[in-house]
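Using UniProt numbering, read the sequence shown as starting at 1 and increasing by one per residue.
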Amino acid sequence: MAKKRNLYLTSVPLSRALEEYVIQMAEVLNQREIQWVDVGDSLGKMTAEPVFARISAPHYNAAAMDGIAIDAAKTYGASETTPVQLQQNSDFVMVNTGAPLPDAFDAVIMIEDVVEVDEETVEIRSAATPWQHVRPVGEDIVKGELILPVRHLIRPQDMGALLSGGVTQVPVFRKIRVGLIPTGSEITAMTDPLPPGKIIESNSRMFKGLIETYGGETITYPVVKDEPRLLEAAVLRGVAENDLLVINAGSSAGTKDFTVDVLRELGSVMFHGIAIKPGKPAILAQVKGKPVVGIPGYPVSAYVVFEQIVKPLVYHYRLLPPPEPEMVEAVLARRVVSSLKHEEHIRIKLGQVSGRWIATPLSRGAGVTMSLVRADGMLTVPQEVEGYEKSTVVPIRLARPLKEIQNTLVSIGSHDLVMDLLSNELQAGGKGVALSSAHAGSMGGLMALKQGECHMAPIHLLDETTGRYNDAMAARYFPGKKMVLIKLVKRSQGLILPRGNLKKITGIADLTREDVTMVNRQKGAGTRILLDYYLKRDSIDPLKVKGYHREMTTHMAVAVAVGSGGADCGMGVASAAASMELDFLHLDWEDYDLLCEESTLELTAVQELLKIIRGDAFQKQVAAMGGYDLSQAGELVYLNQAT
Numbered sequence: 001m002a003k004k005r006n007l008y009l010t011s012v013p014l015s016r017a018l019e020e021y022v023i024q025m026a027e028v029l030n031q032r033e034i035q036w037v038d039v040g041d042s043l044g045k046m047t048a049e050p051v052f053a054r055i056s057a058p059h060y061n062a063a064a065m066d067g068i069a070i071d072a073a074k075t076y077g078a079s080e081t082t083p084v085q086l087q088q089n090s091d092f093v094m095v096n097t098g099a100p101l102p103d104a105f106d107a108v109i110m111i112e113d114v115v116e117v118d119e120e121t122v123e124i125r126s127a128a129t130p131w132q133h134v135r136p137v138g139e140d141i142v143k144g145e146l147i148l149p150v151r152h153l154i155r156p157q158d159m160g161a162l163l164s165g166g167v168t169q170v171p172v173f174r175k176i177r178v179g180l181i182p183t184g185s186e187i188t189a190m191t192d193p194l195p196p197g198k199i200i201e202s203n204s205r206m207f208k209g210l211i212e213t214y215g216g217e218t219i220t221y222p223v224v225k226d227e228p229r230l231l232e233a234a235v236l237r238g239v240a241e242n243d244l245l246v247i248n249a250g251s252s253a254g255t256k257d258f259t260v261d262v263l264r265e266l267g268s269v270m271f272h273g274i275a276i277k278p279g280k281p282a283i284l285a286q287v288k289g290k291p292v293v294g295i296p297g298y299p300v301s302a303y304v305v306f307e308q309i310v311k312p313l314v315y316h317y318r319l320l321p322p323p324e325p326e327m328v329e330a331v332l333a334r335r336v337v338s339s340l341k342h343e344e345h346i347r348i349k350l351g352q353v354s355g356r357w358i359a360t361p362l363s364r365g366a367g368v369t370m371s372l373v374r375a376d377g378m379l380t381v382p383q384e385v386e387g388y389e390k391s392t393v394v395p396i397r398l399a400r401p402l403k404e405i406q407n408t409l410v411s412i413g414s415h416d417l418v419m420d421l422l423s424n425e426l427q428a429g430g431k432g433v434a435l436s437s438a439h440a441g442s443m444g445g446l447m448a449l450k451q452g453e454c455h456m457a458p459i460h461l462l463d464e465t466t467g468r469y470n471d472a473m474a475a476r477y478f479p480g481k482k483m484v485l486i487k488l489v490k491r492s493q494g495l496i497l498p499r500g501n502l503k504k505i506t507g508i509a510d511l512t513r514e515d516v517t518m519v520n521r522q523k524g525a526g527t528r529i530l531l532d533y534y535l536k537r538d539s540i541d542p543l544k545v546k547g548y549h550r551e552m553t554t555h556m557a558v559a560v561a562v563g564s565g566g567a568d569c570g571m572g573v574a575s576a577a578a579s580m581e582l583d584f585l586h587l588d589w590e591d592y593d594l595l596c597e598e599s600t601l602e603l604t605a606v607q608e609l610l611k612i613i614r615g616d617a618f619q620k621q622v623a624a625m626g627g628y629d630l631s632q633a634g635e636l637v638y639l640n641q642a643t
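Structure (structure tokens):
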């Protein structure tokens, strides 16, 4: 009999679940092992006991300057008019900084204040005072003095003080040890080629990095296949060897998700289902008195649950509050709809346009790993809020330092691989300039630019009346406003086809065949507009094209769909087909340009961008991809200029 799917028994608010879980697990979370470590290995660790000096520092009277050690009384009365002469060895000895002060002397005169008469005699023209330029015993640290209190995070300067006080080992709380168990029969190590149905095990690497930033350490166990007894054995070993155990994947409601059943059998499950998106399937449990957290397998869900649940647990163990995230207030570039069923965490791309921070939501899919890479911050939509309207000012939790984002060019519009190359070249330039690209299609870019939500819009919009690209459409949407087209590339548009083109697709007319299924671009994309132009020109009803309403947001997504067998063809650019080693049927050349206001050209970041576009390095990279014409790259076309 097939295993039944799990049902979420709870869907409690995150704050309540975490608070109650910490209370129930308080005994084990408050048990901390003390260990003695060398001071050289103590950085970032917390003292478990107060630490006292074993010696004074300095532990002898030391010269504080290079010069001569003297008896101050022998210099009394010395002046410019009545200098005092001293004899070496009987009246003074030469000393260097840090040298012990001989018992017969009580002061040091700096060498620059000493006049040499001969090899044995010096002249002093200013009286010295007792203990001048001398570091007395215990000036810095006195034996028995408290150097560091209990529960003190040891810093580099603390390490220096400990060693100066004669302390070579220090009692600290052992770092929290977190066990990581990846699960799933489909999970595998990196292999080439990757078999269909297999997924590279990557989450545990991310978890390890996160735990290290939280101040803990990890043990990563081998992948456990979807077999309850294997998982039981792994869990029992994990709780025996760690302070906290994390099980990745197997927490949702699938028929092969055994984690919750195994945890109930071995211990108890406090919560299965947290009102958080992404991440609802999270499990909070205990086995043998140890906290065990079940985390969904999708990368974004895994990251959010780790940050919202595992991070607070680690910091609780460390007796520290989690660091306060850097925040910024930003204007939403588009409407955000959420549900009252959960608290939602949305990845955000940020940019500063005309003095305002603009927040553009990224893809909300739980498995879209690159949205985490591209995100500048997170927007939290509370459970009691159904979303935010466009242009609402919202708080954004930063995922990278604000300084890294401040000199970022915000680009919203059509997607092309050349934008990725531009971004990389700007970053490599070391000028502190970055390019943030959001893929919203050409029309989406025009609207964003019109509403002041970006610096520039990559577009390739065909005007059916004139047959020209971009300039007519730009003039239509920005009447009377001084605009500029930064010419970027002409690119080959056509049909992306499977390798070998076994169905012998030769043109747009073949899209109506019963045995041909295509994949399309989203509404507003220049490629979609071009396809519609061809269909209209050839009197083809879109309803007769199988797959017309299946939409992708990038050329690469179209290429992937075709390459994986999900479609027989799709409109896109030649470079996307080449990158996936697919066939390509050229249909036309189109202009792919950057549209911006004329005043935007004054920005330092835009000037750097123009240098790159006009430079050999960028143009060689683009040419190597194939399917591009760069003959006009970097030229400026001014629109709506007064005559």
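Each residue gets a CB set at the ideal place from its N, CA and C atoms; glycine is no exception. All values reported here derive from a predicted model rather than from experimental measurement.
Under 8 Å between C-beta atoms of residue i and residue j
i	j	result
Gly429	Glu608	yes
Gly526	His586	no
Thr168	Val224	no
Asn242	Ala302	no
Ala127	Thr75	yes
Leu29	Pro291	yes
Glu404	Leu340	no
Gly297	Ala282	no
Leu244	Phe306	no
Ile34	Pro171	yes
Gln88	Glu120	yes
Thr220	Leu180	yes
As assigned by DSSP and simplified to three states, the class of residue i
i	result
Leu488	strand
Asn424	helix
Pro299	helix
Asp515	coil
Thr600	helix
His586	strand
Thr121	strand
Ala2	Bear in mind that the predicted position of Ala2 carries a pLDDT of just 39, short of 50, making it unreliable; the figure below should be weighed with that in mind. The answer is coil: DSSP assigns Ala2 none of H, G, I, E or B.
residue 645	As shown, the chain starts at 1 and ends at 643. That puts residue 645 outside it, with no answer to give.
Arg237	helix
Pro458	strand
Val114	strand
Lys403	helix
Phe271	strand
Gly480	coil
Gln157	helix
Arg214	Here residue 214 turns out to be Tyr, not Arg, going by the sequence shown. Reduced to three states, the DSSP call for Tyr214 is helix.
Phe207	helix
His439	strand
Thr255	Its pLDDT being 47, under 50, Thr255 is placed unreliably by the model, and nothing is read from it.
Lys290	strand
Ile508	helix
Tyr21	helix
Met571	strand
Leu263	helix
Arg135	strand
Residues that DSSP places opposite residue i in a beta bridge
i	result
Ala330	Val394
Pro278	DSSP output for Pro278 lists no bridge partner at all.
Ala434	Thr408
is_contact[residue i, chain C] using C-beta, thresh 8 Å
i	result
Ile348	Structure shown: chain C not included; a single protein chain is present.
Any non-hydrogen atom of the ligand SAM within 7 Å of residue i CB
i	result
Thr380	Inclusion of the ligand SAM in the displayed structure is not the case, the ligand content being empty and no account of it being possible.
Where are the alpha helix (DSSP H) runs, 4 residues long or more, that stay fully inside the region 519-552, in chain order?
You should have 526-537.
When you compare the region 461-480 with the region 590-598, are there three or more beta-carbon pairs, one atom per stretch, that lie closer than 8 Å?
With three or more CB-CB distances shorter than 8 Å, the region 461-480 counts as touching the region 590-598.
In chain order, what are the residue ranges of uninterrupted beta strand (DSSP E) at least 3 long that sit wholly in the region 173-204?
The DSSP assignment places complete beta strand (DSSP E) segments of no fewer than 3 residues inside the region 173-204 at 177-182, in order along the chain.
Tell me, please, whether the region 406-415 touches the region 390-398 by the rule of three or more beta-carbon pairs shorter than 8 Å.
The region 406-415, when compared against the region 390-398, does not touch it at the 8 Å Cβ threshold.
Between the region 59-74 and the region 97-113, are three or more C-beta pairs nearer than 8 Å?
Verdict: yes, contact present.
With three or more C-beta pairs closer than 8 Å as the rule, is the region 152-167 touching the region 48-56?
The count of Cβ pairs closer than 8 Å, one atom from the region 48-56 and one from the region 152-167, reaches three, so the stretches are in contact.
Would you check if there are 3 or more beta carbon pairs closer than 8 Å linking the region 317-337 to the region 352-364?
Judged by Cβ distances under 8 Å, the region 317-337 makes contact with the region 352-364, as three or more pairs qualify.
At 3 residues or longer, what runs of the beta strand (DSSP E) sit wholly inside the region 302-381?
List check, beta strand (DSSP E) in window: 327-332, 343-353, 356-361 and 377-381.
Within the chosen definition, does the region 413-426 reach the region 598-617 through at least 3 CB pairs nearer than 8 Å?
These segments touch.
Three or more beta-carbon pairs under 8 Å between the region 564-571 and the region 506-517, yes or no?
In short, these stretches touch, since the Cβ pair count reaches three.
With three or more beta-carbon pairs closer than 8 Å as the criterion, would you say the region 141-160 touches the region 218-236?
These segments do not touch.
Please determine if the region 133-140 and the region 105-112 are in contact, where contact requires at least 3 C-beta pairs separated by less than 8 Å.
Contact holds between the region 133-140 and the region 105-112, because three or more Cβ pairs, one in each stretch, are under 8 Å apart.
Continuous beta strand (DSSP E) assignments of at least 3 residues falling wholly in the region 41-101
Listed in chain order, they are 67-70, 84-87 and 92-95.
Three or more C-beta pairs below 8 Å linking the region 485-492 and the region 614-630:
Counting Cβ pairs under 8 Å, three or more are found: they touch.
Touch test, the region 496-506 against the region 526-546, Cβ-Cβ under 8 Å, three pairs minimum:
Three or more beta-carbon pairs separated by less than 8 Å are not found between the region 496-506 and the region 526-546, which leaves the two stretches without contact.
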